[in-house]
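Chemist: The sequence shown begins at 493 in my numbering and counts up one residue at a time. Let me begin by handing over the structure; questions about it come next.
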Amino acid sequence: FNEVTLARLQDAIDRGRLDTSATVDVETLVAAGVIRRALDGVRVIGTGELKAKVAMRVDHATASAKAAIEQAGGSVEL
493 FNEVTLARLQ DAIDRGRLDT SATVDVETLV AAGVIRRALD GVRVIGTGEL
543 KAKVAMRVDH ATASAKAAIE QAGGSVEL
(Lines of atoms letter the chains of each structure in order from A; the text may use other names.)
(Lines give C-alpha, C1' and ligand atoms only; values in the text may rest on other atoms or scores of the structure.)
Protein backbone atom coordinates (compact mmCIF):
# COMPACT_ATOMS: atom_id res chain seq x y z
CA PHE A 493 0.00 0.00 0.00
CA ASN A 494 0.94 3.62 -0.47
CA GLU A 495 0.86 5.22 2.98
CA VAL A 496 -0.20 8.86 3.07
CA THR A 497 -0.28 10.93 6.26
CA LEU A 498 -2.75 13.66 7.05
CA ALA A 499 0.16 16.12 7.22
CA ARG A 500 1.19 15.21 3.66
CA LEU A 501 -2.37 15.67 2.42
CA GLN A 502 -2.64 19.07 4.10
CA ASP A 503 0.72 20.13 2.62
CA ALA A 504 -0.47 19.22 -0.90
CA ILE A 505 -3.71 21.17 -0.31
CA ASP A 506 -1.80 24.21 1.00
CA ARG A 507 0.49 24.20 -2.04
CA GLY A 508 -2.51 24.07 -4.39
CA ARG A 509 -1.61 20.66 -5.81
CA LEU A 510 -4.66 18.86 -4.47
CA ASP A 511 -8.17 20.02 -5.35
CA THR A 512 -10.57 19.43 -2.46
CA SER A 513 -13.70 20.18 -4.50
CA ALA A 514 -13.52 16.71 -6.09
CA THR A 515 -13.18 13.29 -4.50
CA VAL A 516 -9.55 12.45 -3.76
CA ASP A 517 -8.53 8.96 -4.89
CA VAL A 518 -5.36 7.18 -6.00
CA GLU A 519 -5.34 8.82 -9.47
CA THR A 520 -5.74 12.28 -7.94
CA LEU A 521 -2.90 11.64 -5.49
CA VAL A 522 -0.56 10.49 -8.29
CA ALA A 523 -1.45 13.53 -10.43
CA ALA A 524 -0.79 15.85 -7.48
CA GLY A 525 2.59 14.27 -6.79
CA VAL A 526 1.61 13.06 -3.32
CA ILE A 527 2.50 9.47 -4.31
CA ARG A 528 4.64 8.31 -7.23
CA ARG A 529 2.55 5.42 -8.50
CA ALA A 530 -0.39 3.31 -7.47
CA LEU A 531 0.65 0.14 -5.70
CA ASP A 532 -2.00 -2.12 -4.16
CA GLY A 533 -3.97 0.87 -2.91
CA VAL A 534 -3.80 3.84 -0.56
CA ARG A 535 -3.77 3.77 3.23
CA VAL A 536 -4.32 7.05 5.09
CA ILE A 537 -2.39 7.38 8.37
CA GLY A 538 -3.55 9.71 11.14
CA THR A 539 -0.19 11.44 11.61
CA GLY A 540 -0.40 15.22 11.45
CA GLU A 541 -3.33 17.59 11.23
CA LEU A 542 -5.90 18.09 8.51
CA LYS A 543 -7.71 21.44 8.35
CA ALA A 544 -9.39 21.17 4.95
CA LYS A 545 -12.68 19.47 4.15
CA VAL A 546 -11.88 16.61 1.79
CA ALA A 547 -13.81 13.62 0.45
CA MET A 548 -11.53 10.59 0.08
CA ARG A 549 -11.93 7.26 -1.70
CA VAL A 550 -9.14 5.01 -0.42
CA ASP A 551 -8.54 1.34 0.38
CA HIS A 552 -7.80 1.76 4.07
CA ALA A 553 -7.73 4.48 6.72
CA THR A 554 -6.70 4.24 10.35
CA ALA A 555 -9.34 5.06 12.93
CA SER A 556 -7.55 8.28 13.88
CA ALA A 557 -7.26 9.36 10.22
CA LYS A 558 -10.93 8.69 9.58
CA ALA A 559 -11.92 10.61 12.70
CA ALA A 560 -9.71 13.59 11.74
CA ILE A 561 -11.09 13.72 8.18
CA GLU A 562 -14.68 13.56 9.41
CA GLN A 563 -13.98 16.15 12.12
CA ALA A 564 -12.75 18.55 9.41
CA GLY A 565 -16.07 18.06 7.60
CA GLY A 566 -14.85 15.52 5.05
CA SER A 567 -15.72 11.91 4.37
CA VAL A 568 -13.93 8.61 3.84
CA GLU A 569 -15.18 5.96 1.43
CA LEU A 570 -13.42 2.60 1.69
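Ideal Cβ placement from N, Cα and C applies to all residues, glycine included.
List the endpoints of the continuous beta strand (DSSP E) containing V546.
Modeler: Here V546 belongs to no beta strand (DSSP E), and DSSP marks it neither H nor E.
Chemist: Excluding the five sequence neighbours on either side, which residues of its own chain have a C-beta within less than 8 Å of the C-beta of L531, listed in chain order?
Modeler: For L531, where only same-chain residues beyond five positions count, the Cβ hits under 8 Å are F493 and N494.
Chemist: Can you tell me whether DSSP reads I537 as helix, strand or coil?
Modeler: Three-state DSSP puts I537 in a strand.
Chemist: Let me check one thing: in DSSP terms, what residues is A553 bridge-paired to?
Modeler: DSSP output for A553 lists V536 as bridge partner(s).
Chemist: Would DSSP call V518 helix, strand or coil?
Modeler: Three-state result, V518: helix.
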